[in-house]
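Student: Sharing a structure with you now.
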Amino acid sequence: MLTHIKQVANHVGESVRLGAWLYNKRSSGKIQFLQLRDGTGYIQGVLLKKNVSPEVWEQATTLTQESSLYVDGTIRADDRAPSGYEMDVTGIEVIQEAEEYPISLKEHGVEFLMDKRHLWIRSRRQAAILRIRSVIISAIQDWLNGQGFTLVDPPVLTPSSCEGTTNLFHTKYFDEDAYLTQSGQLYMEAAAMALGRVYSFGPTFRAEKSKTRRHLIEFWMIEPEMAFVEHEESLQIQESMLSHVVNHVLKSCKTELEILERDTSKLEKVTGSLPRITYDEAVELLNREGMEFTWGDDFGAPHETKIAESFDQPVFITHYPTQIKAFYMKPDPTRPEVALCADLIAPEGYGEIIGGSQRIDDPKLMAERFNEHELSQEDYAWYLDLRKYGTVPHSGFGLGLERTVAWICGLDHVRETIPFPRMLNRLYP
RNA sequence: UCCUCAGUAGCUCAAUGGUAGAGCGCCCGGCUGUUAACCGGUAGGUUGCAGGUUCGAGUCCUGCCUGAGGAGCCA
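Residue numbers (UniProt numbering): 1 to 429.
In structure tokens, the structure reads:
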């Protein structure tokens with residue numbers, strides 16, 4: 001039986017066996033320190049020359065970085081250890097003496113590390129990020145499941161564009177053309193009419209030539225869709241979901257956030273309701289701040305950053321002009337030139353992490369929108385059916401997982417939030 | 001697609017137009033509490049590619065390739 005490093009506190013004074021990799025080694029003539037990791041944690045193995053057999057001592061001196069080992073030894077509490085525990089090593093069984101490991105403990109450049117991404121994820125920092133990503137995913141799913149949402153998986157291969165705006169990855173579906181999904185939303189609307197409150201969690205593909213710290217070609221979205229939920233209630237659901245996620249990560253990922261040196265005081269401010277600003281107010285704010293901006297234009301990244309800087313939490317920008325938003329968004333009945341929609345902009349320049357809206361439920365208006373946007377009513381007959389057979393008010397939103405992870409972790413690029421990022425110029429490994 | 005910046009040892013980087021160097025890593029030696037340990041030594045180079053200017057180019061010029069982060073687009 002192997003003991004996990006995470007559990008060593010329960011084995012003080014006991015002789016245990018670890019399965020581990022050697023991530024670093026220091027030696028000083030008659031004492032050797034083995035830095036061990038096993039995926040659950042880190043511990044230092046100590047060998048004193050006078051206390052171990054010559055064979056074990058000799059074995060330890062030849063070990064290379066990232067060699068795989070079974071290590072036997074006794075667990076001891078020690079104030080000098082960062083984790084509070086050390087292991088007095090009594091035996092080492094080498095599974096494999098690793099070849100010269102390319103990633104040293106010194107600095108490396110982005111291109112080098114991305115080429116070695118399959119090894120880079122072994123590093124303490126990258127492993128911490130991936131662990132937080134996992135916790136964020138399960139926090140979202142736990143919260144949604146607890147609120148009566150049903151997980152529904154929309155297709156990845158689709159016959160045509162869902163929104164018709166962005167570039168899709170084209171492929172063949174036998175003799176037909178097919179595209180990788182850029183959003184499951186339209187299918188989720190169908191699912192909401194069947195199951196009430198639903199959400200999807202899956203990959204999304206955008207063949208955009210975007211090349212910034214906020215963009216991936218393949219990224220993961222959570223897309224809830226809710227029947228009988230109108231704009232205001234949707235916003236409340238979004239803010240309580242997000243604050244649940246942030247609080248859960250703060251509670252259960254203390255070690256990981258420390259490794260990342262995240263300033264958690266900024267996250268602790270996310271406690272419930274989030275600030276809101278209408279598009280109109282945002283335009284005023286920009287003009288007041290000296291940025292020229294005309295009502296009716298869409299915000300660019302610098303505008304979003306400027307707006308977000310005025311708040312210390314994520315902020316909803318609501319009621320965008322109907323003209324610049326997606327065809328399915330419901331116009332505000334009291335003011336049809338703006339839509340019942342909201343983007344949630346994260347602080348610290350992380351950009352939009354949620355985009356959502358109430359959807360058009362009126363079949364006539366939806367038909368008009370199809371004409372305006374020159375969408376094929378034939379191709380989308382199934383979607384228009386949803387407005388013919390018992391249409392109801394409904395709302396939904398999409399949360400970009402990687403931007404959310406980047407913000408919570410305080411990273412300067414989304415490429416570190418996903419195990420194997422797909423980016424412009426990056427399909428390997 | 002556009003703008004800006006970069007490419008020199010395995011890695012991170014130096015080098016007025018004038019003999020290509022350092023730190024780390026590898027290898028060898030030393031050190032009884034190291035925390036990216038430290039100290040000494042060895043090896044390691046088609047300066048991204050192709051042209052051009054020059055007595056002489058890592059350095060200047062032209063083209064190309066690769067990468068970076070920003071714009072647009074978006075989550």
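Glycine included, every Cβ here is placed at the ideal spot set by N, Cα and C. Only a predicted model underlies this, so the values are computations on that prediction, with no experimental measurement involved.
Keeping to the same chain, check which residues put their C-beta closer than 7 Å to that of Q236; ignore five residues upstream and five downstream.
Tutor: For the purposes of this step, residue 236 is identified with residue 236 of the first sequence, where counting begins at 1. Closer than 7 Å at Cβ, skipping near neighbours: no residue.
Student: First and last residue of the alpha helix (DSSP H) that includes V110?
Tutor: On the first sequence, residue 110 is found 110 positions in, with the first residue counted as 1. It spans V110 to D115 - the alpha helix (DSSP H) in which V110 sits, taken as one unbroken run.
Student: Smallest Cα separation from F169: which of P429, L424 and R122?
Tutor: Looking up residue 169 in the first sequence gives position 169. Checking every option, the nearest Cα to that of F169 belongs to L424.
Student: Can the beta-carbon of I408 be found less than 7 Å from the beta-carbon of V270?
Tutor: For the purposes of this step, residue 408 is taken as residue 408 along the first sequence, with counting starting at 1. For the purposes of this step, residue 270 is taken as residue 270 along the first sequence, with counting starting at 1. No, the Cβ-Cβ distance between I408 and V270 is not below 7 Å.
Student: Tell me which residues share the same chain as Y23 and place their Cβ nearer than 6 Å to its Cβ, disregarding the 5 neighbours each side in the sequence.
Tutor: Position 23 of the first sequence holds residue 23. So the qualifying residues of the chain are Q35 and R37.
Student: Per DSSP, which residues does S357 bridge with? Please list them.
Tutor: Taking the first residue of the first sequence as position 1, residue 357 is located at position 357. S357 pairs with C341 and G396.
Student: For G91, which residues of its own chain have a beta-carbon under 7 Å away from its beta-carbon, when the five flanking residues on both sides are left out?
Tutor: For the purposes of this step, residue 91 is taken as residue 91 along the first sequence, with counting starting at 1. Excluding residues within five positions, the ones whose Cβ falls inside 7 Å are V56 and D72.
Student: Can you tell me which of I317, K30, E66 and S67 puts its alpha carbon nearest to the alpha carbon of K49?
Tutor: Taking the first residue of the first sequence as position 1, residue 49 is located at position 49. Answer by Cα proximity: K30.
Student: Tell me where the alpha helix (DSSP H) around A192 begins and ends.
Tutor: Residue 192 sits at position 192 when you count from the first residue of the first sequence. Segment Q185 to L195, the alpha helix (DSSP H) holding A192.
Student: Can you tell which of V246, Q313, P159 and W382 has its C-alpha closest to the C-alpha of E176?
Tutor: Along the first sequence, read from residue 1 onward, the residue named residue 176 stands at position 176. For E176, the nearest C-alpha among the options comes from P159.
Student: With C-beta atoms as the reference, is K325 less than 7 Å away from A339?
Tutor: Start at 1 with the first residue of the first sequence, and residue 325 comes out as number 325. Start at 1 with the first residue of the first sequence, and residue 339 comes out as number 339. Going by C-beta atoms, K325 is nearer than 7 Å to A339.
Student: Are Y187 and F149 touching if we call contact CB-CB under 7 Å?
Tutor: Here residue 187 corresponds to residue number 187 of the first sequence, with the count starting at 1. Here residue 149 corresponds to residue number 149 of the first sequence, with the count starting at 1. No.
Student: Assuming P86 is part of the alpha helix (DSSP H), what are its boundary residues?
Tutor: On the first sequence, position 86 is the one that residue 86 refers to. First, the residue type needs correcting, since residue 86 is Glu and not Pro in the sequence shown. Premise fails: E86 lies in the beta strand (DSSP E), Y85 to Q96, not in any alpha helix (DSSP H).
Student: Leaving out five residues on either side along the sequence, give the residues of the same chain with a beta carbon under 7 Å from the beta carbon of T165.
Tutor: If you number the first sequence from 1, residue 165 lands on position 165. Its pLDDT being 49, under 50, T165 is placed unreliably by the model, and the measurement read from it follows with that caveat. Same-chain partners within the cutoff: there are none.
Student: Tell me whether the region 314 to 330 and the region 204 to 217 touch, counting them as touching only if at least three CB pairs, one residue from each stretch, are closer than 8 Å.
Tutor: no
Student: R335 bridges to which residues according to DSSP?
Tutor: Working through the first sequence from its first residue, we reach residue 335 at position 335. Answer is D332.
Student: Return the residue from the list V414, I121 and H244 that minimises the CA-CA distance to G400.
Tutor: Here residue 400 corresponds to residue number 400 of the first sequence, with the count starting at 1. Among V414, I121 and H244, the Cα nearest to that of G400 is on V414.
Student: Exposed or buried, what is Y428 when buried is set at 16 or more other beta-carbons lying within 10 Å of its beta-carbon?
Tutor: Numbered from its first residue, the first sequence carries residue 428 at position 428. With fewer than 16 other Cβ atoms within 10 Å, it is exposed.
Student: Using a Cβ distance threshold of 8 Å, determine whether the region 177 to 196 contacts the region 389 to 397, with at least three qualifying pairs required.
Tutor: yes
Student: Quick check: what's the CA-CA separation for R80 versus E309?
Tutor: Along the first sequence, read from residue 1 onward, the residue named residue 80 stands at position 80. Along the first sequence, read from residue 1 onward, the residue named residue 309 stands at position 309. Computed Cα separation, rounded: 42 Å.
Student: Are the beta-carbon atoms of L285 and E239 separated by less than 7 Å?
Tutor: As a first step, residue 285 is located in the first sequence; it is residue number 285 there, counting from the start. As a first step, residue 239 is located in the first sequence; it is residue number 239 there, counting from the start. If you check the CB distance, L285 and E239 do not come in under 7 Å.
Student: Which residues bound the alpha helix (DSSP H) around H303?
Tutor: Position 303 of the first sequence, counted from the first residue, corresponds to residue 303. Here the alpha helix (DSSP H) through H303 covers A301 to E309.
Student: Could you give the residue range of the beta strand (DSSP E) that holds N51?
Tutor: Reading the first sequence from its first residue, position 51 is the one you call residue 51. Run containing N51: none; DSSP gives neither H nor E here.
Student: Compare the C-alpha of V152 against each of D412, E189 and R117 and name the closest.
Tutor: In the first sequence, the residue the question calls residue 152 occupies position 152. If we check each option's Cα against that of V152, E189 comes out closest.
Student: Over what stretch of residues does the alpha helix (DSSP H) that includes T255 continue unbroken?
Tutor: Locating residue 255 in the first sequence gives position 255, counting from the first residue. Segment K254 to I259, the alpha helix (DSSP H) holding T255.
Student: Please check the pair G396 and E225, which I expect to be a contact at CB under 8 Å, by giving their CB distance rounded to whole angstroms.
Tutor: By 1-based counting over the first sequence, the position of residue 396 is 396. By 1-based counting over the first sequence, the position of residue 225 is 225. The Cβ separation is near 4 Å, so the contact holds.
Student: Of the residues I103, A128, S28 and L69, which one's Cα is nearest the Cα of G41?
Tutor: Residue numbering aside, residue 41 sits at position 41 when the first sequence is read from its first letter. Restricting attention to I103, A128, S28 and L69, the CA atom closest to the CA of G41 is found in A128.
Student: In whole angstroms, give me the CA-to-CA distance for P363 and R369.
Tutor: As a working note, residue 363 is residue 363 in the first sequence. As a working note, residue 369 is residue 369 in the first sequence. For P363 and R369, the distance between alpha carbons rounds to 10 Å.
Student: Quick one: give me the first and last residue of the alpha helix (DSSP H) that I137 is part of.
Tutor: For the purposes of this step, residue 137 is taken as the residue at position 137 of the first sequence. Unbroken alpha helix (DSSP H) run through I137: R124 to G146.
Student: From the DSSP output, read off the bridge partner residues of K25.
Tutor: One-based indexing of the first sequence puts residue 25 at position 25. Paired residues: L34.
Student: CA-CA distance, residue 431 and P302?
Tutor: The question about residue 431 has no answer here: the residues shown for the chain are numbered 1 through 429.
Student: Can you give the Cα-Cα distance for R206 and E230, rounded to whole angstroms?
Tutor: Position 206 of the first sequence, counting from 1, holds the residue named residue 206. Position 230 of the first sequence, counting from 1, holds the residue named residue 230. Their backbone Cα atoms lie some 29 Å apart in a straight line.
Student: Once the 5 residues before and after F420 are set aside, which same chain residues still bring their CB inside 7 Å of it?
Tutor: To locate residue 420, count along the first sequence from 1; it is residue 420. Excluding positions up to five away in sequence, the list reads R117 and P429.
Student: Going by DSSP in three states, S234 sits in which element: helix, strand or coil?
Tutor: Your numbering for residue 234 matches position 234 in the first sequence. Looking at S234 - three-state DSSP - the assignment turns out to be helix.
Student: The alpha helix (DSSP H) with V156 in it runs from where to where?
Tutor: Residue numbering aside, residue 156 sits at position 156 when the first sequence is read from its first letter. First-last for V156: undefined, no H or E at that position.
Student: Should M1 go down as buried or exposed, given a rule of 16 or more other Cβ atoms within 10 Å for buried?
Tutor: Here residue 1 corresponds to residue number 1 of the first sequence, with the count starting at 1. When all chains shown are included, M1 counts as exposed.
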